[in-house]
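S.K.: Below are the structure tokens for one structure; questions will follow.
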Amino acid sequence: SAFAASGATPEAANALGHGLGSGRCLRKDPCSFRLFSVPGAPSRPGPPRDGAMITSAAGIISLLDEEEPELKEFALHKLNAVVNDFWAEISESVDKIEILYEDVGFRSREFAALVASKVFYHLGAFEESLNYALVAGNLFNVSDNSEYVETIIAKCIDHYTKQCVENADLAEGAQKAVDPRLEGIVNKMFQRCLDDHKYKQAIGIALETRRLDIFEKTILESNDVPGMLAYSLKLCMSLMQNKQFRNQVLRVLVKIYMNLEKPDFINVCQCLIFLDDPQAVSDILEKLVKDDNLLMAYQICFDLYESASQQFLSSVIQNLRSVGTPIASVPGSTNTGTVPGSEKEGEMMETEEKKGSPVASVKSAQMSPGTKDQIPKMIKILSGEMAIELHLQFLIRNNNTDLMILKNTKDAVRNSVCHTATVIANSFMHCGTTSDQFLRDNLEWLARATNWAKFTATASLGVIHKGHEKEALQLMATYLPKDTSPGSAYQEGGGLYALGLIHANHGGDIIDYLLNQLKNASNDIVRHGGSLGLGLAAMGTARQDVYDLLKTNLYQDDAVTGEAAGLALGLVMLGSKNAQAIEDMVGYAQETQHEKILRGLAVGIALVMYGRMEEADALIESLCRDKDPILRRSGMYTVAMAYCGSGNNKAIRRLLHVAVSDVNDDVRRAAVESLGFILFRTPEQCPSVVSLLSESYNPHVRYGAAMALGICCAGTGNKEAINLLEPMTNDPVNYVRQGALIASALIMIQQTEILCPKVSQFRQLYSKVINDKHDDVMAKFGAILAQGIL
85 SAFAASGATP EAANALGHGL GSGRCLRKDP CSFRLFSVPG APSRPGPPRD GAMITSAAGI
145 ISLLDEEEPE LKEFALHKLN AVVNDFWAEI SESVDKIEIL YEDVGFRSRE FAALVASKVF
205 YHLGAFEESL NYALVAGNLF NVSDNSEYVE TIIAKCIDHY TKQCVENADL AEGAQKAVDP
265 RLEGIVNKMF QRCLDDHKYK QAIGIALETR RLDIFEKTIL ESNDVPGMLA YSLKLCMSLM
325 QNKQFRNQVL RVLVKIYMNL EKPDFINVCQ CLIFLDDPQA VSDILEKLVK DDNLLMAYQI
385 CFDLYESASQ QFLSSVIQNL RSVGTPIASV PGSTNTGTVP GSEKEGEMME TEEKKGSPVA
445 SVKSAQMSPG TKDQIPKMIK ILSGEMAIEL HLQFLIRNNN TDLMILKNTK DAVRNSVCHT
505 ATVIANSFMH CGTTSDQFLR DNLEWLARAT NWAKFTATAS LGVIHKGHEK EALQLMATYL
565 PKDTSPGSAY QEGGGLYALG LIHANHGGDI IDYLLNQLKN ASNDIVRHGG SLGLGLAAMG
625 TARQDVYDLL KTNLYQDDAV TGEAAGLALG LVMLGSKNAQ AIEDMVGYAQ ETQHEKILRG
685 LAVGIALVMY GRMEEADALI ESLCRDKDPI LRRSGMYTVA MAYCGSGNNK AIRRLLHVAV
745 SDVNDDVRRA AVESLGFILF RTPEQCPSVV SLLSESYNPH VRYGAAMALG ICCAGTGNKE
805 AINLLEPMTN DPVNYVRQGA LIASALIMIQ QTEILCPKVS QFRQLYSKVI NDKHDDVMAK
865 FGAILAQGIL
């Protein structure tokens, strides 16, 4: 009766009945076969009510050869219902379904596309399946939870993401048009996520597809805006692998944070640090002080000191000092400007009052005397004076170092290498406490240090007195260069290095003192210590005068001075991506014959690219292709610094490839070590990445794996990492044991026996290695340092 209504012949009806294997003609009851159920019934065919089973779709397929379009439409509907079971049989006639879609006059061509899409899906031809799903229009239902729909949507999002990412990397005029059908399905998917309140999923897809409009809409429409903002910021900082797009996302987050009923200024300022926008931070601080929100302003100042570079802080301080003072006469700034060629990321955040405008020039007139009184307090916090002082007092009050550990170690060691290790361990244990009691009690023992050991012993005082800035010159006076009677060059060089360690990343006035000492130094060892000290004190300032002096020392072609100068140049230019600095350093590295200078520059070049992500790719490619293994090692360090903490998959793949393919052991070791820097924000991933490398036949790779675990999992007490390191402490190669011992201490810093039961076991292991007369000196060196770290 169904065919009679559509004009089908009785022969066709009988053929269909036999093709279905039912052994009888169609019943009048349309529900007797699930195959012929009304639209909207389940897609998978079930058994008929009277127990008959469908064994073939040949009868339905035969209808595709009929002349009447109604029969073809009917066949398509039935094929759609049974395609999940009979796709193999239908695939032999898929060309007929494709012909129906290509027939412009066929009114159900979209349905033909849907059936073809499902057939190709089952065949594993996802590209063709996606193409037909796109032309099926609204018949492709994104709300369906079937495996087919989920798979095609995933493929659709992948294709859409690829197109969007490719366009983002092209200039505005060269961008290709995104397929509107793809965009349509992705938009439906976004709407489905919003309707189902799956906001995190929507944010993830929006970031992946570069859809900032959807990203912003999702956050604002969610039922927990602050929670979604926190989640988005975490995603942005830990998983975003393109710096330019990350900055665009941060701009959106800043806008949303500022438009909240109660603006979240703390997170806004964190975003602005990554956007390198000190002017906007200064404006926020001024606004908070004007609104009498002093506690928030102070808290932000403390956060800025903890998070921002010296250059950024100097700019904020300069802007605050300019309140009520013409900018041209700003006193006391430690930042004399960046080296030509340094670039600023992103555009300045648009604020209601832009600096340089007439509004900015009358700000001081609007500011009350009470507001002006708060500026010096904020500057004191931003300069770090208050935080350093509080931190120092805390460490002095809570110094509980067990001197017996050091005494036992001192009594057990019998050579100069272990003597130096003990001095370094003492400085680690007393870092920032200003307690040099152990050294004072053992002056005769300390006097055994000669040459570079004396340099190290003197420099270790800088670690002990770290942050004790007010009396730094007085404390170190005995060891610093004097005009009257020149002392030991190793002692004077170590003294200058110690000053840098005391003022690390907080140079201030000591930078000028170190500049003068370096200019006047005539001995290469003193210049070595002065360069290192200056690099540490001026870290991240990008000061032109400091850069020029260090470059002059580098170009003297002295191996001892050049090694320190190369490293110091990187510290001063930390994260600046300065084109001139890179050109100077790489150019000299390719010319010099001194391996020491090359080693210093290898690390220095990497530091310049700190945090620059894909902006460092061109330099990385160039270094990795160099025939000199030290420059290839620099390429590995540059990957580590540029993608530090990003977890970037491309960077990890590059490092893993070099770790197993480079012909030089040092390069391979550096590649594996660098994995620790890239993964440190997700330490739980590191053990699985380096587990196979820790069992490598190559001892340098094993050492690198140990250090990668130590760097990445520092302070976490990660059980998997400790389990990987444990067998390495018995490695037949001495320096692998050294690395495993140091890495284990890094992982177990501040871990109690309750949090990490193996702490006591490793303490006993360090003591056993130190006291074992037959153990190798390199393993002992590692055990002593590990004891100091722990």
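When the letters of the sequence shown are read in order and numbered with the working numbering, they come out as residues 85 to 874. Every residue, glycine too, gets a C-beta built ideally from N, C-alpha and C. Keep in mind the model is a prediction, meaning the values are calculated, not measured.
Can you have a look at D856 and say buried or exposed, based on whether 16 or more other CB atoms are within 10 angstroms of its CB?
M.R.: With fewer than 16 Cβ atoms within 10 Å of its Cβ, D856 is classed as exposed.
S.K.: So, helix, strand or coil for F190, using DSSP?
M.R.: Residue state, collapsed to three classes: coil.
S.K.: Compute the distance between the beta-carbons of G591 and Q394, then report whether it is under 8 Å.
M.R.: Closer than 8 Å, so yes.
S.K.: Can you give the Cα-Cα distance for T625 and S399, rounded to whole angstroms?
M.R.: Rounded to whole angstroms, T625 to S399 spans 10 Å at the Cα level.
S.K.: Determine the DSSP secondary structure at Q35, reduced to helix, strand or coil.
M.R.: Since the first and last residues shown for the chain are 85 and 874, residue 35 lies out of range.
S.K.: Looking at I269: is its Cβ nearer than 8 Å to the Cβ of V226?
M.R.: Yes, these two residues count as a Cβ contact at 8 Å.
S.K.: Fully enclosed by the stretch 649-683, which beta strand (DSSP E) runs are 3 residues long or longer?
M.R.: Whole beta strand (DSSP E) segments, 3+ residues: zero.
S.K.: Pair every Cβ in the stretch 187-200 with every Cβ in the stretch 228-242, then say whether three or more of these pairs are closer than 8 Å.
M.R.: Short answer: they don't touch.
S.K.: So, using beta-carbon positions, are R765 and G788 closer together than 8 Å?
M.R.: No.
S.K.: For a quick check, are the C-beta atoms of I508 and L869 less than 8 Å apart?
M.R.: In contact: I508 and L869 (Cβ atoms closer than 8 Å).
S.K.: Going by CA-CA distance only, name the one from C728, K852, K842 that's closest to G801.
M.R.: Checking every option, the nearest Cα to that of G801 belongs to K842.
S.K.: Enumerate in chain order the residues of its own chain whose CB-to-CB distance from I237 is below 8 Å, with the five nearest sequence positions on each side excluded.
M.R.: If we look at I237 and ignore the five residues flanking it on each side, its Cβ neighbours are V226, I269, M273.
S.K.: Taking C-alpha atoms, which residue in I350, I714, L763, N326 lies nearest to A700?
M.R.: The residue with the shortest Cα to Cα distance from A700 is N326.
S.K.: Compare the C-alpha of E576 against each of N604, D596, K282, H552 and name the closest.
M.R.: With distances taken between Cα atoms, E576 lies closest to N604.
S.K.: Starting from the C-beta of S175, find all residues in its chain whose C-beta is less than 7 Å away, skip the five residues before and the five after it, and write them out in chain order.
M.R.: The residues are V203, L207.
S.K.: According to the neighbour-count rule (16 or more other Cβ atoms, all chains shown, within 10 Å of its Cβ), is Y781 buried or exposed?
M.R.: Exposed is the call here.
S.K.: According to DSSP, simplified to helix, strand and coil, what is G731?
M.R.: Looking at G731 - three-state DSSP - the assignment turns out to be coil, as it is neither helix nor strand.
S.K.: Please say whether L580 and G613 have beta carbons closer to each other than 8 Å?
M.R.: For G613 and L580, yes; Cβs fall inside 8 Å.
S.K.: If I measure Cβ to Cβ from Y694 and keep anything under 6 Å in the same chain, skipping five residues before and after, which residues do I get?
M.R.: Closer than 6 Å at the Cβ level, and outside the excluded window around Y694, lie L658, G659, M725.
S.K.: If I'm right that L266 touches Y244 with Cβ under 8 Å, what's the distance once you round it to whole angstroms?
M.R.: The pair is a contact, with the Cβ atoms about 5 Å apart (cut-off 8 Å).
S.K.: What residue does the alpha helix (DSSP H) around L527 start on, and which one ends it?
M.R.: Note, L527: alpha helix (DSSP H), 527-530.
S.K.: I need the DSSP call for L759, collapsed to helix, strand or coil.
M.R.: Correct three-state label for L759: helix.
S.K.: When we look at the beta-carbon of H741 and count the other beta-carbons within 10 Å, is it buried (16 or more) or exposed?
M.R.: Exposed, by the Cβ-count rule.
S.K.: Where does G671 land, buried or exposed, given buried means 16+ other C-beta within 10 angstroms?
M.R.: Label assigned to G671: exposed.
S.K.: Contact check, L655 vs M623 under 8 Å by CB: the rounded distance?
M.R.: Between M623 and L655 the Cβ distance is about 5 Å, and since that is below 8 Å, they are a contact.
S.K.: Does the contact criterion of 3 or more C-beta pairs under 8 Å hold for the stretch 539-556 versus the stretch 492-509?
M.R.: Verdict: yes, contact present.
S.K.: Since I believe A588 is in contact with A561 (beta carbons under 8 Å), could you give me their beta-carbon distance rounded to a whole number of angstroms?
M.R.: Rounded, the Cβ-Cβ distance is 20 Å, inconsistent with contact.
S.K.: How many Å lie between H552 and Q247 at the Cα?
M.R.: Going from the Cα of H552 to the Cα of Q247 covers about 55 Å.
S.K.: Taking the alpha helix (DSSP H) that R696 falls in, what are its first and last residues?
M.R.: Unbroken run through R696: none, as it is neither H nor E.
S.K.: Using a Cβ-Cβ cutoff of less than 7 Å, which residues in the same chain neighbour M380 once the five nearest sequence positions on both sides are dropped?
M.R.: Once the five neighbours on either side are set aside, the close Cβ partners of M380 are F349, L372.
S.K.: Are A465 and Y341 closer than 8 Å when you measure CB to CB?
M.R.: Correcting the residue identity first, residue 465 is Ile in this sequence and not Ala. Going by C-beta atoms, I465 is not nearer than 8 Å to Y341.
S.K.: Taking only three categories from DSSP, how would you classify Q354?
M.R.: It is helical.
S.K.: With a threshold of 7 Å on Cβ separation, who are the neighbours of D668 within its own chain once the five nearest residues in sequence on each side are excluded?
M.R.: If we look at D668 and ignore the five residues flanking it on each side, its Cβ neighbours are K635.
S.K.: Checking 8 Å against the spacing of the C-beta atoms, do K661 and R696 come in under that value?
M.R.: Taking 8 Å as the Cβ cut-off, K661 and R696 qualify as a contacting pair.
S.K.: Excluding the 5 residues flanking F865 on each side, which residues of the same chain have their C-beta closer than 7 Å to its C-beta?
M.R.: Answer for F865: V501, C502, A505, Q822, listed in chain order.
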